[in-house]
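Residue numbers (the numbering used here): 178 to 358. Just below is one structure, and these are the notes that go with it.
Now the structure itself:
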């Protein structure tokens, strides 16, 4: 719906611009060329703006590897843990997590979501869970994990000022430090 509203606004601007071009050039053909060029530039600009999305998600894009040495974990640490944030074409972002636990069992899950606080299903999670992502401030997210509608974890994600590390904290018992790859 937002895209339709944006396109309508662009068309109104284009019509006003075309009227101005007609008055300046007094040539309908030249006004059409100038107006068409401006319309193309506006549409490209809207496409780029839509793709850029939320600046916090833009800062989180890429791969993040768990630094076990600097993390505070309640039990045996995983052998490896890599998270990845990707942008999708539909305005969502995708959180992909690949982990090998201390016993060598591989775990993979994916969640496609928005920063709107709504519950989104997590694919690959057993038993099934949902995750809700909500912006707290310019560098912080809150991720609420639910099973059967009941909250089982609230995870705070804090991006460092330099954008090179990401802290994922569940209370004070579990603090995971991820480094951007």
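For each residue, glycine too, the CB sits at the ideal point set by N, CA and C.
Beta-carbon gap between residue i and residue j smaller than 7 angstroms
i, j, result
"residue 313", "residue 332", "no"
"residue 329", "residue 270", "no"
"residue 273", "residue 261", "yes"
"residue 255", "residue 275", "no"
"residue 259", "residue 242", "yes"
Exposure of residue i, with buried meaning 16 or more beta-carbon neighbours within 10 Å
i, result
"residue 353", "buried"
"residue 318", "buried"
"residue 345", "buried"
Separation of residue j from residue i, as counted between CA atoms
i, j, result
"residue 252", "residue 342", "22 angstroms"
"residue 302", "residue 336", "25 angstroms"
"residue 290", "residue 310", "7 angstroms"
"residue 358", "residue 292", "23 angstroms"
"residue 296", "residue 321", "8 angstroms"
"residue 338", "residue 306", "31 angstroms"
"residue 287", "residue 237", "15 angstroms"
"residue 267", "residue 248", "34 angstroms"
"residue 280", "residue 315", "37 angstroms"
"residue 323", "residue 232", "26 angstroms"
"residue 298", "residue 326", "11 angstroms"
Secondary structure of residue i, DSSP reduced to three states
i, result
"residue 232", "helix"
"residue 238", "coil"
"residue 269", "coil"
"residue 293", "strand"
"residue 278", "coil"
"residue 298", "strand"
"residue 341", "coil"
"residue 244", "coil"
"residue 326", "coil"
"residue 348", "coil"
"residue 252", "coil"
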